[in-house]
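Each number in the numbering used here corresponds to the 1-based position in the sequence shown with 21 added.
Encoded as structure tokens, the structure appears first; notes follow it.
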Amino acid sequence: MRVISLLVRPLLIAVVSASSMLGLLRAAHAEMSNWAENEGGRMRLVALPPDADGHITAGLQIEPKPGWITYWREPGNNGIPPQITIVPQSGVTLDAISYPVPKYISRGKVEDIGYDAPVTLPLSLTASKAGPVAIDATAFIGICKDICIPFQAQLLLKFEAVAQSRPQEEMILRDAAARLPEAPTADFKVVAHAVSSDLKQLSLKITLPEAGGGTPDIVATGPSGYAFTKQTNIGRSGKAYSTDITIGKLPKNYDIRGKEWGVLVIDGTRAMETTLAFD
22 MRVISLLVRP LLIAVVSASS MLGLLRAAHA EMSNWAENEG GRMRLVALPP DADGHITAGL
82 QIEPKPGWIT YWREPGNNGI PPQITIVPQS GVTLDAISYP VPKYISRGKV EDIGYDAPVT
142 LPLSLTASKA GPVAIDATAF IGICKDICIP FQAQLLLKFE AVAQSRPQEE MILRDAAARL
202 PEAPTADFKV VAHAVSSDLK QLSLKITLPE AGGGTPDIVA TGPSGYAFTK QTNIGRSGKA
262 YSTDITIGKL PKNYDIRGKE WGVLVIDGTR AMETTLAFD
């Protein structure tokens, strides 16, 4: 596989004065868990209180140390995808985990898809009971340098009963949302897809947001644990792009009919993620 450098959409930048930052830190205590740390980095939970419908906007904040990486939802050859479990008795359920645009990282024969800088994974949660709410979660991630270390921690976050502003939490979660791939739009979408009868090749036709001669980066994700990036038969005319993605080994006797795969396309500073359905 070739090395892919994935560009993330421009980051949201917040500028605050020293006095404002002090206020943020004081207000944020109850809406951030303590940091859990290990040899390769640290992680914690950040959240906003439930809204009127019980929805909680939250994030798993991960900070690898310099030279270390952590992983995307499909991590590549040897990585560990993030896993989050909420204690059922807490009355809080995890609805979805979202993933900012990753990098394809090649280290010799090891190929990973993940993050080599701080990242926050947006979480969608629901509180099913009234009254005080606490998030009691176990987070399990992989963090890797010369060796890969499983990193598991219990993260507890309680919300203050009193109403207060939460600008620091809002800033962290807003920044995380800004790093997510966009949904398909008229100027950036997959217009056709097909898989060969021998399941060795995924053919894509894509409308790209900008006319040019460059090659976008593509990650196709099949069954859980499978990701494919190698492109062949590339063609580009302005915003029209076509390519074949080489499909590696699939589960034995895999039947693609009725299945859905994911595809992430990065073109310049924009990234788009969508689902491919196979009849």
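Note that the Cβ used here is the ideal one computed from N, Cα and C, for glycine as well.
Just so you know, these numbers come straight off a predicted model, no measurement behind them.
Closest option to A248, judged by alpha-carbon separation, among Y125, E190 and D276: Y125. G243 and G283 have their C-alpha atoms roughly 7 Å apart. For P188, the enclosing alpha helix (DSSP H) covers residues P188 to A199. When L229, A160 and T267 are compared, the shortest CA-CA separation from R257 is found for L229. Per DSSP, G256 is one residue of the beta strand (DSSP E) stretching across Q252 to S258. Comparing C-alpha distances from G289 to each of G269, D238, D276 and T295 shows the shortest one belongs to D238. L66 places its beta carbon less than 7 Å from that of L176. A straight line joining the alpha-carbon of Q82 with that of P71 spans about 19 Å.
Collapsing the DSSP output to three states places S217 in coil. A check of alpha carbon separations from I164 across H76, E52, W89 and I107 identifies W89 as the nearest. Close CB contacts of T106 within its chain, under the 7 Å cut and outside five residues either way in sequence, are with A158 and T159 (chain order).
P123 and M192 have their C-alpha atoms some 21 Å from each other. Within the same chain, and ignoring the five residues on either side of A174 in sequence, the residues whose Cβ sits closer than 6 Å to its Cβ are A57 and A160.
Comparing C-alpha distances from P96 to each of L285, G246 and P139 shows the shortest one belongs to G246. In the displayed model, S111 falls within a helix according to three-state DSSP. Listed in chain order, the non-local C-beta contacts of K226 below 8 Å within the same chain comprise V211, V212, A213, H214, A261, Y262 and S263, local neighbours out to five positions each way being set aside.
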